[in-house]
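Reviewing the structure listed below.
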Amino acid sequence: MQNVIFISWAENCSRSDHLARLLGGKSYMIYAGWLGSRPATIWLKYIIQIWQTLRLLWRERPRVVFVMVPPIFAALPVYLYCKITGNRFATDNHTAALTMKRWQRLKFLHGWLEKRAACNIVTNDRLQRLQQTWGVPPKKTLLIGDLPAQFSEIAAPPFFNQTGFSEAGGNGNHNHEFFTVTAICSFSPDEPLDNIFQAAAQLPDVNFYCTGKLKDAPPEIFQRKPKNVTLTDFLAVPQYAGLLKASHGVMVLTTRDHTMQRGAYEAMALGTPIITSDWPLLRQTFAQGTLFVDNSPQSIVDAVQQLRTNWPQFKAAIQAQRTQRHLAWTEKEKTLRRILSLEFC
């Protein structure tokens, strides 16, 4: 029997994994990916995932269940399990759950389910207010923007000895002959990938690594990328952490306002300076050790050059912010455990 489990209807979600780990629980990904997300098959995909979720819950019998939203349908089997057993559930609402039109059409279901949750987590004030307009009582919402990332293992990716990036970088000892920036990508529409490529082309003496599954990338990406950009494809967590730790900077960009950047949290946890988009939420969250850009190629170039010139100062600043964020999380954790009647492990 698991005391706490976290369910995500996704191929992977580092936020779910980290929150489960911080609370002493286990994270499960439930995803019938072979059915895709086409209108003709999505209903069958959700039915299969509902069945898989119920089967998992009855096998593990957790006292507390966290569920990632979207999709809001993932909360249905969790609610049913908790209704029958008398246990508690909490939702972790990503930005898309409240801002994308396809999920806004289901706000009646969203509000109905989340009124019955013990706690509903959001990442910023705007989402908290929006959630309340959907019928979720203020006392049932909890703002947790900061979530410390934890990596139990850090390893060097296999390509570190290629393109001049030394294997020693995995221990934080950088080869300064090549300044290295890692762009965290998922090839989503809100990521200005072309602008990153244009900026990289203007910085031929900088190594850029772009993460993300190549199966999700546009087919022409290999023709579009400059020579100093390496597409890593999907990396195992230890190798992903090793890449971020060894980089001089981590770049996480979005054209969508009110979007929290999990990759920036991961960079901060590993003590690596950040380059991110100039949105109010991100400025408020990552106040130190961070450079902000307007997503244009020139602003990206300027940020990389500034980071390169002042790297020791940015490195010290991000490490100081990491300490502050851990203290802030400690208070949030106490509140969350009290709401869900969870003992400290």
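With the numbering used here applied, the sequence shown covers 179 to 523. Glycine residues also receive a C-beta, built at the ideal position from the N, C-alpha and C atoms. Treat the numbers as computed from the prediction; the structure is a model and nothing was measured.
Reducing DSSP to helix, strand and coil, say where residue i ends up.
i, result
"residue 192", "helix"
"residue 211", "helix"
"residue 373", "helix"
"residue 486", "helix"
"residue 413", "coil"
"residue 394", "helix"
"residue 479", "helix"
"residue 405", "coil"
"residue 231", "helix"
"residue 181", "coil"
Considering only C-alpha positions, which residue in the set the options is nearest to residue i?
i, options, result
"residue 283", "473, 385, 432 and 249", "249"
"residue 254", "199, 482, 187 and 500", "187"
"residue 326", "192, 211 and 404", "192"
"residue 371", "356, 396 and 228", "396"
"residue 468", "474, 440 and 499", "499"
"residue 377", "289, 473 and 336", "473"
"residue 438", "231, 322 and 203", "322"
"residue 445", "361, 414 and 413", "361"
"residue 338", "413, 470 and 184", "413"
In whole angstroms, what separates the C-alpha of residue i from that of residue j?
i, j, result
"residue 373", "residue 390", "17 angstroms"
"residue 428", "residue 205", "25 angstroms"
"residue 340", "residue 217", "With a pLDDT of only 49 at residue 340, under the threshold of 50, the placement of this residue in the model should not be trusted, and no figure is reported."
"residue 245", "residue 281", "16 angstroms"
"residue 310", "residue 501", "32 angstroms"
"residue 507", "residue 447", "13 angstroms"
"residue 222", "residue 256", "18 angstroms"
"residue 610", "residue 504", "The structure shown has nothing for residue 610, since the chain only spans 179 to 523."
"residue 333", "residue 416", "5 angstroms"
"residue 380", "residue 303", "38 angstroms"
"residue 495", "residue 318", "35 angstroms"
"residue 422", "residue 226", "36 angstroms"
"residue 208", "residue 224", "10 angstroms"
Quick check on the burial criterion: 16 or more other C-beta atoms within 10 angstroms. Buried or exposed for residue i?
i, result
"residue 194", "buried"
"residue 262", "exposed"
"residue 219", "exposed"
"residue 299", "buried"
"residue 458", "exposed"
"residue 267", "buried"
"residue 425", "buried"
Would you be able to state if there are at least three C-beta pairs under 8 angstroms between the region 454–466 and the region 507–519? no
Inter-stretch contact (C-beta, 8 angstroms, three-pair minimum) for the region 487–495 and the region 226–246: no
Can you confirm whether the region 286–300 touches the region 405–415 when touching is taken to mean that 3 or more C-beta pairs between the two stretches lie within less than 8 angstroms? no
Using 8 angstroms as the cut-off, can you tell me whether the region 259–275 makes contact with the region 199–215, which would need three or more C-beta pairs spanning the two stretches below that distance? no
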